[in-house]
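J.:
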Amino acid sequence: MAVSVDEAVSAGPVPKHAPPTRRRSGRGRAIVEVALLTVLAVVMLFPVLWMIETSIKENRDVYAVPAKFFDFDVTLDHYRDVFVSSGLSVSFLNSVIVAGASTVLATVLGVPAAWAYSRFTLKAKKDQLFFILSTRFMPPVVVVIPIFLMYRYIGLIDSALGLILIYTAFNVPFTIWMMKGFVDEVPAEYEDAAMLDGYTRLQAFRKFTLPLLVPGIAATAVFALIFSWNEFVFAIFLTSSDEVRTAPPAIAGLIGGTTVDWGLVAASSVVFALPVLIFAYLVRKHLVAGVTLGAVRR
Amino acid sequence: MGTVAAHGLRKSFGKVQALDGVTLDVPNGAFFVVLGPSGAGKTTTLRAIAGLEKLDAGSVRLDGRDATADTPAERDLAMVFQSYALYPRRTAYENIASPLRARRSSSSEIAAAVDRVASLLHIERLLQRRPAQLSGGEMQRVALARALVRSPRAFLMDEPLTNLDLKLRVEMRTELTRIHRSLGATFVYVTNDQVEALSMADQVAVLKEGKVQQVGTPTEVYERPANQWVAGFVGSPPISLLACHAEGDRLVGADGWTLPRPRWTTAEDGRALMLGLRAEDLSVEQRGDASLPGEVYGLEPLGDRTVVDVRVGTEILKVKARPTITGTPGERLQVTVDLDRAHLFDAGTGLSLSQAGR
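Chains as they are written, first to last, in UniProt numbering: chain A, 1 to 298; chain B, 1 to 358.
1) For a test of the three-state rule: what should DSSP assign to residue 250/B, helix, strand or coil?
2) Could you spell out the range, first to last residue, of the beta strand (DSSP E) harbouring residue 211/B?
3) Leaving out five residues on either side along the sequence, give the residues of the same chain with a beta carbon under 7 angstroms from the beta carbon of residue 294/A.
4) For a quick check, are the C-beta atoms of residue 123/B and residue 92/B less than 8 angstroms apart?
5) Count the C-beta pairs between the stretch 300–318 of chain B and the stretch 210–230 of chain B that are closer than 8 angstroms, then say yes if the count reaches three, no if not.
6) Between the C-alpha atoms of residue 180/B and residue 350/B, what's the straight-line distance to the nearest angstrom?
7) Have a look at residue 65/A and residue 88/A and give me their C-alpha separation to the nearest angstrom.
8) Check distances from the C-beta atoms of the stretch 82–111 of chain B to those of chain A and list, in chain order, the residues that come in under 7 angstroms.
9) Once DSSP output is grouped into helix, strand and coil, what is the label at residue 297/B?
10) Against chain B, which members of the stretch 120–137 of chain A pass a CB distance test of less than 7 angstroms?
11) So who's on the other strand from residue 31/B, going by DSSP bridges?
12) Got a sec: which bits of the stretch 53–81 of chain B sit with their beta carbon under 8 angstroms from any beta carbon on chain A, in order along the chain?
13) From the beta carbon of residue 160/A, is the nearest beta carbon of chain B less than 8 angstroms away?
14) Measure from the C-beta of residue 206/A to each C-beta in chain B and report whether the shortest distance is under 8 angstroms.
15) Rounded to a whole number of angstroms, what is the C-alpha to C-alpha distance between residue 194/A and residue 179/A?
16) Just the Cα atoms here: how many angstroms apart are residue 182/B and residue 155/B?
17) Within 8 angstroms of any Cβ in chain A, is that where the Cβ of residue 185/B sits?
18) Closest by CA to residue 260/A, which one among 33/A, 68/A, 86/A?
19) Below 8 angstroms on the Cβ atoms is my guess for residue 172/A versus residue 213/A; work out the distance and round it to an integer in Å.
20) Tell me whether residue 45/A is buried or exposed, calling it buried when 16 or more other Cβ atoms sit within 10 Å of its Cβ.
21) Between which two residues does the alpha helix (DSSP H) carrying residue 18/B extend?
22) Once DSSP output is grouped into helix, strand and coil, what is the label at residue 107/B?
23) At the 8 angstroms Cβ level, is residue 50/B part of the contact set with chain A, yes or no?
24) Taking C-alpha atoms, which residue in 342/B, 348/B, 114/B lies nearest to residue 354/B?
25) Quick test of your reading: residue 7/B and residue 58/B, contact by CB under 8 angstroms. State the CB separation rounded to the nearest angstrom.
26) Name the residue from 101/B, 49/B, 36/B, 222/B whose alpha carbon lies nearest to the alpha carbon of residue 197/A.
27) Count the other CB atoms, across all protein chains shown, that sit within 10 Å of the CB of residue 63/A; report buried if there are 16 or more and exposed otherwise.
28) Entirely within the stretch 229–256 of chain A and at least 4 residues each: give me those alpha helix (DSSP H) ranges in chain order.
29) Residue 198/A versus chain B: which residues are under 7 angstroms apart at the beta carbon?
30) Could you spell out where the alpha helix (DSSP H) holding residue 259/A opens and where it closes?
31) Pairing CB atoms from the stretch 329–348 of chain B with CB atoms from the stretch 228–248 of chain B, are three or more of them under 8 angstroms?
32) By DSSP, does residue 271/B sit in helix, in strand, or in coil?
33) What is the rounded straight-line gap between the Cα of residue 89/B and the Cα of residue 131/B?
34) With three or more beta-carbon pairs closer than 8 angstroms as the criterion, would you say the stretch 141–158 of chain B touches the stretch 185–195 of chain B?
35) First and last residue of the alpha helix (DSSP H) that includes residue 261/B?
36) Given a cut-off of 8 angstroms on the beta-carbon distance, is the pair residue 151/B and residue 173/B in contact?
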């Protein structure tokens, strides 16, 4: 062998040496990393921490100048107000109904559509998929006026159904795109084999492919749920009465009177944020896990 | 009963014509092998018979009845996939039971049928495992068991042994032949391995670029290839082909060699021909009337025999010889040709000119 190892390695167009900076510093590097991450964490988490603190402070501590960080009196009065005296419990219930129903609808419509786009040859499939995706290109606020006029014409203004439909319309394209990726990962041969076993095409999908899609469906549904739960623009434009309003515009509505009950705002914000956190925590495994691949050799 | 007949199957994927008028007639109880290189349309043919592929044209008849519009379930066929396609979340038992569950058999029937097929394939101890806990050969057996658990019209097998290692493949070849004999059922078996085709088949259909090149018994396909391409594809080492033309009672090679013209050829003088010679019909050890001058180009010892590469003019002939033969590259020698077993093809169309006289 006339070629040494070094020559052989450097003969390639891009030598794959690790950047030397990554090796050099052990301890110093770790300190910088921790410091930067701490700064980031403080900046990101301070508003959350402040919201939680405010929600459990006595009113006089809320307005204290200078602000009290540690030595305030703890109370759960604001939380009682959220559910008892403020009328916000109706808004939270509305949010649950609207977000839940629109997520279920988007999943029921989007998953079979994604399966169809993944499995079948359709005319202009790529164009259709692009068209579906294009509905997500602009922010919702761009179309809120035309939607408002359409809703007023057909009588969907200030109704839960109106919000459910518009959120579904926004979530279906998202569901189709997310789920198409997951369906692509499941080999079509499972369905072929099931059809040879004697099942119909839809049975093959339901009994053999669908169970493998559950992690993907969970992940997609969480994203759809978070979108619907957090949505503010449509909610504030298309609803007006307290009986129909969802939580985001209702909480925003607490600000702007002559006096603002910051304790109540903070407590309702915490209550609003919790379900999403809990839900994301419960399905965290599925959020990162891909689809279980089985016995197909590729 | 189980006859499968495909007529004029046509199917294109975009610009690729996968099937270009494939016609096959599989008699009841046959071990029918569809042989061809990858991309020849073998799998598409099988999927079309199974009803998994929508055809552009053509018809599929099962037991004489037109089944072209039937769903896969209605066709009453079983298929073994190259990838096995075992359901990942189910145990081997449930995988094998699936065709019976789909047909709503009672659980006692299912248990009996799964036990029977499990002992046939020696996989009793694997039944409670999931596909991920099985080796390739075990998955292959489970996939086979899922097909064999029923008595369908016919069994379709898509390169079932391709993913196995050589030893297992040889073992399963014998086993499949045994199963076929004991069931007496119709097998349509797709492979790109000519050894599988020649050793297992009652009938072979050779496929190339979506067209059937030849249908016949393994012996027919090997001994009387319909065209130059089949001759080159079937047989190992591959047949040696020499450009030549007929001149009176001689065949004259492009490199100047001459051989006596075989009695059986009908080709007129001057027509461009290809002479096909199989390794076992050539010899460097025996003397005969017909021989070609050449020189040793290389030796391939294969254990039970040695293949001698002999250069004749600009072409290389593969010659089968004793395993003990020796030779040094460049050594001059004579290759004796068994002209009665030689093949002649029209150089333009590739079609065989040998058929008539034999």
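Note that the Cβ used here is the ideal one computed from N, Cα and C, for glycine as well.
T.: So, to answer that:
1) If you number the second sequence from 1, residue 250/B lands on position 250. Correct three-state label for residue 250/B: strand.
2) The sequence position of residue 211/B within the second sequence is 211, counting from 1. Element bounds for residue 211/B: 211–216.
3) Numbered from 1 along the first sequence, position 294 holds the residue referred to as residue 294/A. Residue placement at residue 294/A is poorly supported in this model, since its pLDDT is 35, which falls under 50; the coordinates still yield a value, given next. Same-chain partners within the cutoff: there are none.
4) The residue labelled residue 123/B in the question sits at position 123 within the second sequence. The residue labelled residue 92/B in the question sits at position 92 within the second sequence. Cβ distance < 8 angstroms, so residue 123/B and residue 92/B count as in contact.
5) no
6) Taking the first residue of the second sequence as position 1, residue 180/B is located at position 180. Taking the first residue of the second sequence as position 1, residue 350/B is located at position 350. Each residue's Cα considered, the two are about 35 angstroms apart.
7) By one-based count along the first sequence, residue 65/A stands at place 65. By one-based count along the first sequence, residue 88/A stands at place 88. About 29 angstroms.
8) 83, 84, 85, 86, 87, 88, 89, 98, 99, 102, 103
9) As a working mapping, residue 297/B is identified with position 297 in the second sequence. Of the three classes helix, strand and coil, the one that applies to residue 297/B here is strand, per DSSP.
10) none
11) Taking the second sequence and counting its residues from 1, one reaches residue 31/B at position 31. Residue 31/B is bridged to 187/B.
12) 71, 72, 73, 77, 78, 79, 81
13) Stepping through the first sequence from its first residue, residue 160/A is reached at position 160. So, not an interface residue.
14) Sequence index remark: in the first sequence, residue 206/A carries index 206 (1-based). Not an interface residue.
15) As a working mapping, residue 194/A is identified with position 194 in the first sequence. As a working mapping, residue 179/A is identified with position 179 in the first sequence. Distance between the alpha carbons of residue 194/A and residue 179/A is about 21 angstroms.
16) Along the second sequence, one-based indexing puts residue 182/B at 182. Along the second sequence, one-based indexing puts residue 155/B at 155. Each residue's alpha carbon lies about 14 angstroms from the other.
17) The residue labelled residue 185/B in the question sits at position 185 within the second sequence. Judged by the 8 angstroms Cβ criterion, residue 185/B is not in contact with chain A.
18) Numbered from 1 along the first sequence, position 260 holds the residue referred to as residue 260/A. Of 33/A, 68/A, 86/A, the residue nearest in Cα terms is 86/A.
19) Taking the first sequence and counting its residues from 1, the one referred to as residue 172/A is at position 172. Taking the first sequence and counting its residues from 1, the one referred to as residue 213/A is at position 213. 16 angstroms between Cβ atoms; not a contact.
20) In the first sequence, counting from the first residue as 1, residue 45/A sits at position 45. Classification for residue 45/A: exposed.
21) Locating residue 18/B in the second sequence gives position 18, counting from the first residue. Per DSSP, residue 18/B belongs to no alpha helix (DSSP H); it is in the beta strand (DSSP E), 16–26.
22) In the second sequence, residue 107/B corresponds to position 107, counting from 1. Note: residue 107/B maps to helix in three-state DSSP.
23) Reading the second sequence from its first residue, position 50 is the one you call residue 50/B. Output row for residue 50/B: interface = yes.
24) Indexing the second sequence from 1 puts residue 354/B at position 354. Closest by alpha carbon: 342/B.
25) Working through the second sequence from its first residue, we reach residue 7/B at position 7. Working through the second sequence from its first residue, we reach residue 58/B at position 58. Residue 7/B to residue 58/B, Cβ: 6 angstroms. Contact.
26) To locate residue 197/A, count along the first sequence from 1; it is residue 197. Of 101/B, 49/B, 36/B, 222/B, the residue nearest in Cα terms is 101/B.
27) For the purposes of this step, residue 63/A is taken as residue 63 along the first sequence, with counting starting at 1. That one is exposed.
28) 233–238, 247–253
29) Position 198 of the first sequence, counted from the first residue, corresponds to residue 198/A. Result: 73, 99, 102, 103.
30) Taking the first sequence and counting its residues from 1, one reaches residue 259/A at position 259. Premise fails: residue 259/A is in no alpha helix (DSSP H) and is neither H nor E.
31) yes
32) Here residue 271/B corresponds to residue number 271 of the second sequence, with the count starting at 1. Here residue 271/B sits in coil by DSSP.
33) Reading the second sequence from its first residue, position 89 is the one you call residue 89/B. Reading the second sequence from its first residue, position 131 is the one you call residue 131/B. Distance between the alpha carbons of residue 89/B and residue 131/B is about 8 angstroms.
34) yes
35) For the purposes of this step, residue 261/B is taken as the residue at position 261 of the second sequence. Taken as a continuous stretch (DSSP letters only), residue 261/B belongs to no alpha helix (DSSP H), as it is neither H nor E.
36) If you number the second sequence from 1, residue 151/B lands on position 151. If you number the second sequence from 1, residue 173/B lands on position 173. Cβ atoms of residue 151/B and residue 173/B: not closer than 8 angstroms.
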